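Peer 1: Under UniProt numbering, the residue at position 145 of the sequence shown is numbered 145, and the numbers go up by one with no gaps.
Next up is a structure, given as structure tokens.
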Amino acid sequence: MTNNSIVDFSPKNFLSDNSDSESFREHHIGSSSHIPPPPPTTRFVIMKVPSGCDIIESIFDVARRNQTSLAIQSVFGTVASVTLRKTANVVPAIVAYGPFNILSLTGCYFYDNQYTLFSEATPPPSFFFGIHFSTSHGRVFGGNVGGRVIAYKEVILTILTFKNLEILKYVPEGEESEDEKNYNKNCNEDPINFNDNGDDLSTFNSSN
């Protein structure tokens, strides 16, 4: 089981129970009657994943129990194993066995695809996570998470949860040139797989 501590940074927590706070509420809403503030849509979660537990499943558990989307802010700890996936779906996932020090774990999970998609914005995948980690010899590896990430010792994550998400498309000033459009098209159709030319992950079991 994970140990989750939710810190609510909504404005109501910064108001003390005194006359000044009551006066602030009255002037803010324009009425002397007390109206409770709306529940916060964004929360900051500190999650502790015990040794032997799956970090990714623990992240999903936070989203399912609270019915909320989330984004990983930071992570600290060591992992026993990491499952990575190649860009091509036909290539089987790679399991690297540690222990490893986690350097970063980034990504988002959109609960039940609950979001508002503005004009021309691209629907995101329901979830995506990337990880970088190092061996005891200082070798650094990374890639897309393709399965379980097992905690070796306790792993601490900070997670931002949110609801009523709005997804917009940002377009810089000025239109793209044809060369830029063709370049972006080629990059999307033929992405670079940085894992293909890296170190052989199969050596983790023997040379780590």
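Glycine is no exception: its CB is placed at the ideal position from the N, C-alpha and C atoms.
As the structure is a prediction and not an experimental result, all values here were calculated from the model.
Output the distance between the C-alpha atoms of V62 and V82, rounded to the nearest integer angstrom.
Peer 2: Against the sequence shown, residue 62 aligns to sequence position 62. Against the sequence shown, residue 82 aligns to sequence position 82. In a straight line, the C-alpha of V62 is about 20 Å away from that of V82.
Peer 1: Quick check on residue 214: does DSSP put it in helix, strand or coil?
Peer 2: No answer is possible for residue 214: the residues shown for the chain start at 1 and end at 208.
Peer 1: Buried or exposed: where does V149 fall if 16 or more other Cβ atoms within 10 Å of its Cβ makes it buried?
Peer 2: To locate residue 149, count along the sequence shown from 1; it is residue 149. V149 should be labelled buried.
Peer 1: Please state the DSSP three-state secondary structure of I46.
Peer 2: Start at 1 with the first residue of the sequence shown, and residue 46 comes out as number 46. Note: I46 maps to strand in three-state DSSP.
Peer 1: Between which residues of its own chain and C108 is the CB-CB distance below 6 Å, once the five residues before and five after are set aside?
Peer 2: Your numbering for residue 108 matches position 108 in the sequence shown. So the qualifying residues of the chain are A71.
Peer 1: Do you know offhand how far F60's Cα is from F129's?
Peer 2: Indexing the sequence shown from 1 puts residue 60 at position 60. Indexing the sequence shown from 1 puts residue 129 at position 129. If I take the Cα positions, the gap works out to 12 Å.
Peer 1: If you check the beta carbons only, do F44 and I156 fall under 8 Å apart?
Peer 2: For the purposes of this step, residue 44 is taken as residue 44 along the sequence shown, with counting starting at 1. For the purposes of this step, residue 156 is taken as residue 156 along the sequence shown, with counting starting at 1. The answer is no: Cβ separation not under 8 Å.
Peer 1: Tell me the residue span of the alpha helix (DSSP H) that contains I35.
Peer 2: As a working mapping, residue 35 is identified with position 35 in the sequence shown. I35 -> no alpha helix (DSSP H), and no H or E assigned at all.
Peer 1: My understanding is that K48 touches E154, with C-beta atoms under 8 Å, so please give their C-beta distance in whole angstroms.
Peer 2: Your numbering for residue 48 matches position 48 in the sequence shown. Your numbering for residue 154 matches position 154 in the sequence shown. Correct: roughly 6 Å between the Cβ atoms.
Peer 1: Taking R79 and G52 to be in contact with their CB atoms under 8 Å, please state how far apart those CB atoms are, rounded to whole angstroms.
Peer 2: Working through the sequence shown from its first residue, we reach residue 79 at position 79. Working through the sequence shown from its first residue, we reach residue 52 at position 52. Residue identity differs from the one stated: residue 79 is Val in this sequence, not Arg. Actually they are not in contact, since the Cβ atoms of V79 and G52 sit about 11 Å apart, beyond 8 Å.
Peer 1: Let me check understanding here. Comparing Cα to Cα, which of N101, V145 and A93 lies closest to G138?
Peer 2: Taking the sequence shown and counting its residues from 1, the one referred to as residue 138 is at position 138. Out of N101, V145 and A93, N101 has the C-alpha closest to the C-alpha of G138.
Peer 1: Is E57 helix, strand or coil when you go by DSSP?
Peer 2: By 1-based counting over the sequence shown, the position of residue 57 is 57. In the structure shown, E57 sits in a helix (DSSP, three-state: H, G or I).
Peer 1: Please state the DSSP three-state secondary structure of A63.
Peer 2: In the sequence shown, residue 63 corresponds to position 63, counting from 1. Reduced to three states, the DSSP call for A63 is helix.
Peer 1: Using a Cβ-Cβ cut-off of 6 Å (strictly less than) and excluding sequence neighbours within five positions of R85, which residues of its own chain qualify?
Peer 2: On the sequence shown, residue 85 is found 85 positions in, with the first residue counted as 1. The answer, listed in chain order, is A93, N144 and G146.
Peer 1: According to DSSP, E166 sits in a beta bridge with which residue or residues?
Peer 2: Position 166 of the sequence shown, counting from 1, holds the residue named residue 166. DSSP, once it has assigned bridges, lists T116 as partnering E166.
Peer 1: Alpha carbon to alpha carbon, how far is T158 from S74?
Peer 2: Residue mapping note: residue 158 aligns to position 158 of the sequence shown, counting from 1. Residue mapping note: residue 74 aligns to position 74 of the sequence shown, counting from 1. One C-alpha to the other measures close to 5 Å.
Peer 1: So the candidates are L160, L117 and I46; which of them puts its Cα closest to the Cα of T68?
Peer 2: As a working note, residue 68 is residue 68 in the sequence shown. Answer by Cα proximity: L160.
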